[in-house]
Amino acid sequence: MQSELTIVWIYPDLLSTYGDQGNVLVLEQRARARGVPARIHYVRSSDPVPQQGDIYLIGGGEDRPQILGAERLRKDGGLQMAVARGAALLAVCAGYQIMGSVFGGEEGQPVPGLELLDISSSRGERRAVGELAAEVDPALRLPTLTGFENHMGVTRLGPGVRALSRTIVGTGNGDGTEGCVAGKIVGTYLHGPALARNPALADLLLSWAIGPLPPMNDDWYQRLRDERLAAVLGEDASNPPEGSRR
Amino acid sequence: MSQLPLRAQLASALGRTAATLSRATGRGDGSVIGGRVGLMLEPDLLRKLASDRKLALVSATNGKTTTTRLIASALMELGEVATNAFGANMPAGHVSALSGAKHAPFAVLEVDEKYLPEVLDTTNAGIVTLMNLSRDQMDRAAEIWLLAQKWRRAFAGKPAHVIANCDDPLVTWGASTAARVTWVSGGQRWREDSWCCPECGGPLDRGGSREMGQQGSVHWACRECTFHRPEPDWILDGEDVIDPHGRRWRLDLQLPGEANRSNAAIALATVDAFGLDPARAIPRLRTVASVAGRYTTVERDGRAMRLLLAKNPAGWLEAFEVSDPRLPIILSINAQGPDGRDTSWLWDVDYRILRGRPVFVTGERRLDLALRLDVAGIPFQLCDSFDQAVATLPLGRIDVIANYTAFQQIRTEFGRAV
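Chains as they are written, first to last, in the numbering used here: chain X, 5 to 250; chain C, 29 to 446.
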């Protein structure tokens, strides 16, 4: 296991509206619990994106900051270099859309993205707001995805990515899937502390960066997961068949 | 107000009857249902009720109810004041407030940020008071950059005199299309939504000269365009307010904390626009001790609990500032409609300030807060109910911070007498 972890939080000044700091804090805590200290780089949009990070995070935000963020990332090039080098990336909501070829601006106009993911997004008919639950692609061996979405985006997945999950409740990409995965990049509409509700996804990102992880005390994470999944899927969800959910 | 047409008079009267029924049957304080009935019968009722009065609208993310109360209290020095004291801050609540005081020559209305353009259009208010804009419950609140843009459109070409906090860049931008603006330096405690220039998106530089010793520097300017903090006419300087004539006024409020001193500073600038001097206004501000239960101390079984409301990250920062670090603290979190059903914002609050205090966590979404505190490394005790938390605590003083419906539930337990 690697001895130190560098987490790069991209543009908290533009894209951190929905508690996105939570993902940074969860990664830091879960790395530390495994004896790996984490350094966090908060990269403002006026500063260059460092290329040597292990895990990159980008969050959600309003239309205008999203467009500004995309422009600055395209010009900067640091994130593209880091991904090419094999760094892990979690892109959330507006940040998720930015990673594709195109997304919809304030008036629905197409805005070019970074083309790090083979997806394209546009504005949907109505806002998707609420709890989401989804079954993750079995190949990733992750328990049910749980979280909150709040967006107007519709995202089409190209052949270069796999859907992260199939929605049980909620809208996600808009076609029955939610999020996507390609290499070490995960994109999702679950905003804010998506990793607080999905610690196994946090561990997947950590393991991509620092190798296999020993187990840790997950008690508060699991209690919150159980409560939320029960609230969304009904009481029977709190007592799932063995192995279907952590 | 005696000029109200017959249909509007009838609508207003029936609305008041509905409000009385609502109160009599214990359904609520009646301020929303009364206004709804009135508006149904006469859609133009709000405009008619607002005409012929000197009216101020008060809007912000935080401090609306308190500032409205401060302004209304001060204006009573001049005569009767119509106001929506219960925080019913959409048009139905406004109708209800104005029909309840038909002959009041003055009115102060708290207005939901999203409704400000509509209510300004309808009422043609002469004065608009704006304090701050920050991230709120995002599943129902508008995006704040967009909101400020709508304010700009609403003020353009209207005669309204805007009183605005120039230490908040987004508020400054939202206000700056108004025909006339009085700028108040009220400080800005939450800055996480003001790193970028609202005009061009460039980085905002903070700092420059350290002004008046107030919580570091409040100055800001865009690095890339010309947008910068306007020179304030009124300045909050610690415990004092300095007026445009350079006179220094000691506030000595009963309401605690810097956020409330900031609310008082902007209230003084607002009532000045009504022609009321600080010398007459300040004694009135000092009479306000609690606002809709906020800052009230309630007693139970030998424990004195001070109730603080915090609905969003900026509100938590203000509550922490007021709270006494030597006392145990109960935190209660719900996620019902009025709270926002999304608890993500808990992750934007820095709870590390609670380290070393006994912390008790309750509310319908206590597990969300429990994990948040666990990740922050703050020891806490989880309690199934507010009562259980209280019973667990030793006798003496306790601070309580709750979000909206959690706060109302606690008030209800104490008979809403607070």
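In this text, a Cβ means the ideal position worked out from N, Cα and C, and glycines have one as well. Here the structure is a predicted model, which means the values were calculated and not measured.
Please decide whether residue i counts as near chain X, where near means a Cβ-Cβ distance under 8 Å.
i	result
G343(C)	no
C224(C)	yes
G229(C)	yes
L174(C)	yes
D376(C)	yes
V403(C)	yes
R238(C)	The predicted model places R238(C) with a pLDDT of 44, which falls under 50 and marks its position as unreliable, so this point remains unresolved.
L42(C)	no
E392(C)	no
G102(C)	Before going further, note that residue 102(C) is Ala rather than Gly in the sequence given. Chain X, which has no Cβ nearer than 8 Å to the Cβ of A102(C), makes this no.
L399(C)	yes
W248(C)	no
Could you tell me the distance, in whole angstroms, from the CA atom of residue i to the CA atom of residue j?
i	j	result
V387(C)	A88(C)	30 Å
V106(X)	G157(X)	11 Å
R44(C)	S127(C)	7 Å
E105(C)	D271(C)	19 Å
D427(C)	A206(C)	41 Å
F183(C)	T200(C)	12 Å
K188(X)	N202(X)	17 Å
L237(X)	V28(X)	28 Å
D402(C)	E8(X)	22 Å
I3(X)	D396(C)	In the structure as shown, chain X starts at 5 and stops at 250, and residue 3(X) therefore has no counterpart that could be examined.
V299(C)	A203(C)	18 Å
Q436(C)	W373(C)	20 Å
N288(C)	E119(X)	48 Å
A204(X)	V185(X)	15 Å
I191(C)	G214(C)	11 Å
Q243(C)	D72(C)	Since pLDDT at Q243(C) reaches only 47, below the 50 mark, its modelled position is unreliable, and no value is offered.
M159(C)	G128(X)	34 Å
A46(C)	L67(C)	12 Å
N431(C)	N362(C)	7 Å
N177(X)	A35(X)	30 Å
F302(C)	N152(C)	16 Å
P226(C)	H256(C)	10 Å
Residue j and residue i - do their beta-carbons sit closer together than 8 Å?
i	j	result
P231(C)	S20(X)	no
I14(X)	A213(X)	no
A167(X)	E153(X)	no
G26(X)	P147(X)	no
G73(X)	T10(X)	no
V212(C)	P284(C)	no
D17(X)	G63(X)	no
L174(C)	F134(C)	no
R385(C)	I357(C)	yes
A39(C)	E70(C)	yes
Should residue i be flagged as near chain C, meaning a C-beta pair shorter than 8 Å?
i	result
N154(X)	yes
H45(X)	no
A200(X)	yes
T21(X)	yes
R68(X)	yes
D222(X)	no
P52(X)	no
Q55(X)	no
P197(X)	yes
E182(X)	no
V236(X)	no
Q25(X)	yes
Y225(X)	yes
D17(X)	yes
E231(X)	yes
Round the Cβ separation of residue i and residue j to the nearest angstrom and send it over; I've been treating them as touching at under 8 Å.
i	j	result
L410(C)	V389(C)	5 Å
L313(C)	S124(C)	Not a contact, Cβ separation roughly 25 Å.
V165(X)	I123(X)	6 Å
R97(C)	A113(C)	7 Å
C228(C)	C253(C)	4 Å
L336(C)	I429(C)	5 Å
G424(C)	R331(C)	7 Å
A132(C)	R81(C)	7 Å
T28(C)	E138(C)	Residue 28(C) falls outside the range modelled here, since chain C spans only 29 to 446, and no answer is possible.
A138(X)	R170(X)	6 Å
Using only the heavy atoms of the ligand GTP, determine whether one of them is closer than 7 Å to the beta carbon of residue i.
i	result
G214(C)	With respect to the ligand GTP, the structure offers nothing, as it holds no ligand at all.
Practice prompt. Indicate whether the contact test is met: 3 or more Cβ pairs, each with one atom in the stretch 373-381 of chain C and one in the stretch 332-343 of chain C, closer than 8 Å.
Written response: yes
Fill in: At least three beta-carbon pairs within less than 8 Å, the stretch 154-167 of chain C to the stretch 217-228 of chain C
yes
Worksheet item: Just checking, does the stretch 25-41 of chain X make contact with the stretch 210-230 of chain X on the three C-beta pairs under 8 Å criterion?
Response: yes
Discussion item. For the stretch 174-182 of chain X against the stretch 69-88 of chain X, do three or more pairs of beta-carbon atoms, one drawn from each stretch, fall closer than 8 Å, so that the two count as touching?
Written reply: no
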